[in-house]
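J.: To start, I am sharing the structure in question, which I have written as structure tokens.
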Ligand code: NAD
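Residue numbers (this note's numbering): -8 to 490.
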């Protein structure tokens, strides 16, 4: 019988009473790995009620004990890193190395969350007026919720609940319905790390279930990571319901190549960052912009990308895995065809690729276009597949203008040997993460991570250093602690001489 993915409500793993189940497919074989439920409305409300109840006690647990849960959790995730990576390989098709990285990047966030006591410290000033002190505390919000995408089933849920829970909130996770087995296992480990009943809940489903989280008055904050249309919807609906919302959305990341860059470094970095992980990364380099004579390297870049061979994760030779589902593959193939029709030069076409031994896999071979212009769909849309589009400009100023005119602003990179060019680029470019001679500039969690323009909806609170600000409120207290100031005002009565 097909495995049924359970819900996690009030500290119990329960089978949903729904009659709507979505198959979880291995994208290399179409084998049904499990079925994931679309939780009933009663189950959604039970999760919210339980999280609300658990908040009453969890917020009173000492900050050191909350930190210790994170320390134990980080240790458990490390022990189970291989196991979790194995689940990711099965349900998402990533290569083993990529899957290990997915888990590791999440572990780093949990380690960061273990520093919660210092991150939650407030501010104090004594004697703001005679005998009066002012100080602030950082307090949790209540029930928070997270809605996550398919492409990092370990890292992205771990961006959310460890920080939210370490701050003293309770949390409801709605993972992607396409790969729910990894978060399920991670939450089992969270329980093992000592997180009390009700602190974390897991519900499953799609829009209908998300809508409950977006509209329920007891949910105070929503974190979302996913595509642009859904991100916009989540942001609008969540804020309409007066919730705090941070929505990380799609991207179209540019990689700018100056003629003075190290050619081999450029070639090596473009290959991995464009077609690696089947292009299913929000930080993938999907547009390479060649400045001046650097366009002469295009044939060598094409040859290097052509050598990458997708395949099953069990084969060491596999450069990357399949697309997540047949619809995603069909959409990518449609965009490749449209690119050809619109006049771009398809110098490498992976449309027909099939990995040996896995005829049912959602394969797309490495693909590359040259002579792409900004009005073409392959430039305008996030392809989210192993497709590199390239364009040429005359100067660094032209490249900066091109990137800044793009509606997205997640990541960008410049390859150059010039300090002047690097400084100018980092200063003028309008983008969240900037790489100088680094292809995928994702910072560690003690820095801030957020997108600009159409890649992020919300205020500056985001994942990373600033997550504590998203998941807490600041309370500022101004206090006179004595009924009679004379009791403690022992010193000379200083008067200020204004002259
Ligand atoms: P998606 O938007 O289809 O789904 C994300 C989540 O939203 C899932 O949990 C899904 O069940 C839910 N959802 C889908 N449709 C919904 C609707 N109509 N109403 C409410 N909820 C809905 O995204 P995806 O395909 O899973 O992930 C890929 C996208 O995520 C890409 O666009 C990628 O760039 C983006 N992404 C962004 C970042 C970032 O940091 N900016 C990181 C990773 C992925």
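We put the beta carbon where it would ideally sit given N, CA and C, even for glycine.
For residue 99 and residue 361, I'd like the C-alpha separation in whole angstroms.
T.: Whole-angstrom Cα-Cα distance: 38 Å.
J.: In terms of residues, what are the limits of the beta strand (DSSP E) holding residue 421?
T.: Per DSSP, residue 421 belongs to no beta strand (DSSP E) and is neither H nor E.
J.: Indicate the three-state DSSP secondary structure (helix, strand or coil) for residue 334 in the structure shown.
T.: Reduced to three states, the DSSP call for residue 334 is coil.
J.: Who are the Cβ neighbours of residue 184 in its own chain at under 6 Å, not counting the five residues just before and after it?
T.: Counting only Cβ-Cβ distances below 6 Å, and skipping sequence neighbours, we find 60, 63, 64, 67.
J.: Could you tell me the distance, in whole angstroms, from the CA atom of residue 482 to the CA atom of residue 54?
T.: A caution first: residue 482 carries a pLDDT of 47, below 50, which makes its placement in the model unreliable, though a value can still be read off. Roughly 37 Å between the two C-alpha positions.
J.: Quick test of your reading: residue 402 and residue 424, contact by CB under 8 Å. State the CB separation rounded to the nearest angstrom.
T.: That pair is a contact at about 4 Å.
J.: I want to check one thing, is the minimum distance from the CB of residue 438 to the heavy atoms of the ligand NAD below 7 Å?
T.: No - the ligand NAD has no heavy atom lying nearer than 7 Å to the Cβ of residue 438.
J.: Indicate whether residue 195 and residue 243 have their beta-carbon atoms separated by less than 8 Å.
T.: Against a cut-off of 8 Å, the Cβ pair of residue 243 and residue 195 comes out as no contact.
J.: How many angstroms separate the CA atom of residue 287 from the CA atom of residue 444?
T.: For residue 287 and residue 444, the distance between alpha carbons rounds to 32 Å.
J.: Any heavy atom of the ligand NAD within a distance shorter than 7 Å of the CB on residue 242?
T.: At least one heavy atom of the ligand NAD is nearer than 7 Å to the Cβ of residue 242, so yes.
J.: Specify whether the region 135 to 153 and the region 84 to 98 touch according to this definition: at least 3 beta carbon pairs, one from each stretch, less than 8 Å apart.
T.: Result yes; three or more Cβ-Cβ pairs closer than 8 Å.
J.: Could you check the C-alpha separation between residue 408 and residue 253 for me, to the nearest Å?
T.: Rounded to the nearest angstrom, the two C-alpha atoms are 7 Å apart.
J.: Buried or exposed, going by whether 16 or more other CB atoms sit within 10 Å of the CB of residue 355?
T.: By the 10 Å Cβ count, residue 355 comes out buried.
J.: Considering residue 503, what are the terminal residues of the alpha helix (DSSP H) in which it resides?
T.: With the chain represented from -8 up to 490, any question about residue 503 goes unanswered, as that position is not in the structure.
J.: Using 7 Å as the cut-off, classify the Cβ of residue 197 as near or not near the heavy atoms of the ligand NAD, replying yes or no.
T.: Flag set: Cβ of residue 197 near the ligand NAD.
J.: Within 10 angstroms of its Cβ, does residue 396 collect 16 or more other Cβ (buried), or is it exposed?
T.: Residue 396 is exposed by the Cβ-count criterion.
J.: What do you get for residue 430, buried or exposed, if any count of 16 or more other CB atoms within 10 angstroms of its CB means buried?
T.: Looking at its Cβ environment, which holds 16 or more other Cβ atoms inside 10 Å, residue 430 is buried.
J.: With C-beta atoms as the reference, is residue 275 less than 8 Å away from residue 339?
T.: Cβ atoms of residue 275 and residue 339: not closer than 8 Å.
J.: Less than 7 Å between the CB of residue 224 and some heavy atom of the ligand NAD, yes or no?
T.: Indeed, a heavy atom of the ligand NAD lies less than 7 Å from the Cβ.
J.: Using 10 angstroms around the beta-carbon of residue 464, count the other beta-carbons present and answer buried if the total reaches 16, otherwise exposed.
T.: It is exposed - the Cβ of residue 464 has fewer than 16 other Cβ atoms within 10 Å.
J.: State the DSSP-derived secondary structure class of residue 480, mapped to helix, strand or coil.
T.: Caution applies to residue 480, whose pLDDT of 48 falls short of 50 and renders its modelled position unreliable; the value that the coordinates give is listed next. Looking at residue 480 - three-state DSSP - the assignment turns out to be coil, as it is neither helix nor strand.
J.: Run the proximity test for residue 142: is its beta-carbon closer than 7 Å to any non-hydrogen atom belonging to the ligand NAD?
T.: Correct: residue 142 has its Cβ closer than 7 Å to the ligand NAD.
J.: As a quick exercise: from 251, 283, 206, 262, pick the residue whose alpha carbon is nearest that of residue 293.
T.: Checking every option, the nearest Cα to that of residue 293 belongs to 262.
J.: Over what stretch of residues does the beta strand (DSSP E) that includes residue 402 continue unbroken?
T.: Residues 402 to 406.
J.: Under a Cβ-count criterion, where at least 16 other Cβ atoms within 10 Å of its own Cβ denotes burial, should residue 490 be classed as buried or exposed?
T.: Confidence is the limiting factor: at residue 490 the pLDDT is only 47, short of 50, which leaves the residue's position unreliable and the question unanswerable from this model.
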